[in-house]
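Here the structure comes first, spelled out in structure tokens, and everything after it is commentary.
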Ligand SMILES: [Zn+2]
């Protein structure tokens with residue numbers, strides 16, 4: 040199994056970081072987690088595409104994690120040579136979001152159906168609201184959802200992907216919590232969104248200070264990894280954006296709490312997921 044960080048950015052636009060999205064390449068194909076800004080571009084960079092995703096999993100419905108879901112739906116539909124329904128899992132609200140997104144696309148759907156003679160089917164998205172437990176099972180691959188804590192955004196979920204003996208957890212946005220700890224138990228890789236509490240407090244901007252109470256700081260994420268026996272911690276969705284030359288600060292803050300491998304991701308950073316020797 041392999042994890043590719045498609046977008047390592049956050050809501051703050053950045054020239055070289057797409058919005059939050061992570062590709063997990065499994066023995067049954069590509070699974071996508073979140074669909075942030077530029078996800079289709081970065082999927083192309085990883086030699087994948089919306090048409091190839093076995094399923095899309097949303098951690099929560101904050102705009103930065105779902106803003107390009109409409110692009111996935113359109114691109115998969117318009118570029119497939121036969122009906123190719125898109126499967127989407129996410130917290131309660133996902134079914135409604137998908138329905139509203141398809142409604143938003145109605146004008147374009149009409150244009151393309153009228154123009155392309157061989158395109159005789161509408162986009163089809165099979166959406167399911169999930170909370171906890173196994174949500175996807177195929178071959179050796181099992182995806183388990185679990186509740187996270189991003190209050191007041193509720194509900195939110197994280198996912199654990201097991202492929203044979205290898206495992207990876209996609210935390211999404213959350214503060215440390217029991218639900219995430221249960222998903223992480225003994226996982227080989229943890230992909231965790233993080234913020235820099237010290238930098239945000241120094242900046243002192245009220246709108247930015249608001250994010251402190253519902254995200255994990257770098258040490259928070261590292262303590263979750265240490266507490267649950269994770270092998271490799273991958274940091275993503277860095278807020279504020281990583282300033283060139285300060286990468287070591289992010290790594291140092293994580294390593295002060297966690298003795299495993301720490302990866303500060305960029306877009307298209309790939310991490311092999313192999314069973315960790317404990
Ligand atoms: Zn969020």
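In the working numbering, the protein residues as written are 40 to 317.
For every residue, glycine included, the Cβ atom is placed at its ideal position computed from N, Cα and C.
What you are looking at is a predicted structure, and each value in this text was computed from that prediction instead of being measured.
Closer than 7 angstroms: residue i CB and nearest ligand 1 heavy atom
i, result
"residue 131", "no"
"residue 192", "yes"
"residue 189", "yes"
"residue 212", "yes"
"residue 155", "no"
"residue 99", "yes"
"residue 104", "yes"
Residue i and residue j closer than 8 angstroms at C-beta
i, j, result
"residue 141", "residue 124", "no"
"residue 202", "residue 237", "no"
"residue 75", "residue 59", "yes"
"residue 274", "residue 250", "no"
"residue 35", "residue 77", "The structure shown does not extend to residue 35, since the chain is modelled only from 40 through 317, so no value can be given for it."
"residue 97", "residue 104", "yes"
"residue 214", "residue 230", "no"
"residue 304", "residue 47", "yes"
"residue 187", "residue 227", "no"
"residue 100", "residue 122", "no"
"residue 184", "residue 172", "yes"
"residue 307", "residue 85", "yes"
"residue 177", "residue 67", "yes"
"residue 73", "residue 87", "no"
Expected contact under 8 angstroms - CB spacing of residue i and residue j to nearest Å
i, j, result
"residue 325", "residue 219", "Absent from the model: residue 325. The displayed extent of the chain is 40 to 317, so no value can be given."
"residue 168", "residue 195", "About 12 angstroms separates the two Cβ atoms, so there is no contact after all."
"residue 133", "residue 166", "5 angstroms"
"residue 261", "residue 232", "The Cβ separation is near 13 angstroms, so there is no contact."
"residue 200", "residue 63", "5 angstroms"
"residue 269", "residue 223", "6 angstroms"
"residue 278", "residue 51", "7 angstroms"
"residue 205", "residue 40", "5 angstroms"
"residue 109", "residue 144", "6 angstroms"
"residue 190", "residue 253", "6 angstroms"
"residue 147", "residue 113", "7 angstroms"
"residue 301", "residue 290", "5 angstroms"
"residue 128", "residue 92", "With a Cβ gap of about 12 angstroms, residue 128 and residue 92 do not count as contacting."
Residue i - partner residues in DSSP beta bridges
i, result
"residue 295", "According to DSSP, which records beta bridges pairwise, residue 295 is partnered with nothing at all."
"residue 176", "181"
"residue 186", "196"
"residue 94", "70"
"residue 138", "Per DSSP, none; premise fails for residue 138."
"residue 311", "41"
"residue 276", "According to DSSP, which records beta bridges pairwise, residue 276 is partnered with nothing at all."
"residue 230", "209 and 273"
"residue 65", "68"
"residue 256", "234"
Which of helix, strand or coil DSSP assigns to residue i
i, result
"residue 286", "helix"
"residue 144", "coil"
"residue 44", "strand"
"residue 213", "coil"
"residue 127", "strand"
"residue 53", "strand"
"residue 169", "coil"
"residue 250", "helix"
"residue 201", "strand"
"residue 164", "strand"
"residue 300", "strand"
"residue 119", "coil"
"residue 87", "coil"
"residue 102", "helix"
"residue 79", "helix"
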